[in-house]
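Numbering-wise, my numbering comes out as the position in the sequence shown, counting from 1, plus 1463.
Using N, Cα and C, we set each Cβ at its ideal position, and we do this for glycine too.
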Amino acid sequence: MASHRNTIFGTQISSGAGVGAAGAGHGGGGGYGGGRQSMAPGASTSGQNGAAVKARQISQLHAQLTQLSNNLADTENLLRMTSVQAECMRGLGSWHGGLFMAASKVLGEESVQSVQAQQVQVEQQQQQAGGQGGQGGQQR
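Right, dumping it as structure tokens:
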């Protein structure tokens, strides 16, 4: 039988040309999935007993738990940093709000002063026009 090995996601799988009588059961060497171990309770392959399988599974769970713990610690640090940055953004927003209010006040005063100046000019023009019209009426 010709055997072909592929690696998928870091796991080696082997495939043969056919499944013989030896490969039909759990732990057969030549058939499809012959190199894989059974997850069924009580099934032992390649001379491993149940205690060895259990120890391997516990060590895998321990590694996953360690990775999860590390990821949670990283997440906690990121949340702490985000909280500090949000507080800084709040202060930055207050600064910008103050700048906008100051600019509004300055521009508002300038616009009020320009409106008042225009009103004074209009009143002066009306007085000049009214004074000339009044003088013209007296002359007649």
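Simplified DSSP state of residue i, which is helix, strand or coil
i	result
N1512	coil
V1575	helix
G1473	Unreliable placement is indicated for G1473, whose pLDDT of 48 sits below 50; no coordinate value is reported for it.
Residue i to residue j span [Cα, whole Å]
i	j	result
V1575	F1563	18 Å
Q1587	E1573	21 Å
G1522	T1538	The question names Gly, yet the displayed sequence has Ser at residue 1522. When rounded, the distance between both Cα atoms is 24 Å.
Q1663	R1543	The chain is shown from 1464 up to 1603; residue 1663 falls before or after that span and cannot be answered.
L1570	Q1591	31 Å
Q1589	V1578	16 Å
K1517	T1545	41 Å
N1534	A1549	22 Å
L1528	N1512	25 Å
V1547	A1566	29 Å
V1585	L1555	45 Å
K1568	G1561	10 Å
Any chain E beta carbon closer than 7 Å to residue i
i	result
A1515	No chain E appears in the structure shown, which is made up of a single protein chain.
Same chain, Cβ closer than 7 Å to residue i, neighbours up to 5 away in sequence not counted
i	result
N1540	none
Residues near residue i by beta carbon distance below 8 Å, same chain, minus five either side
i	result
R1553	none
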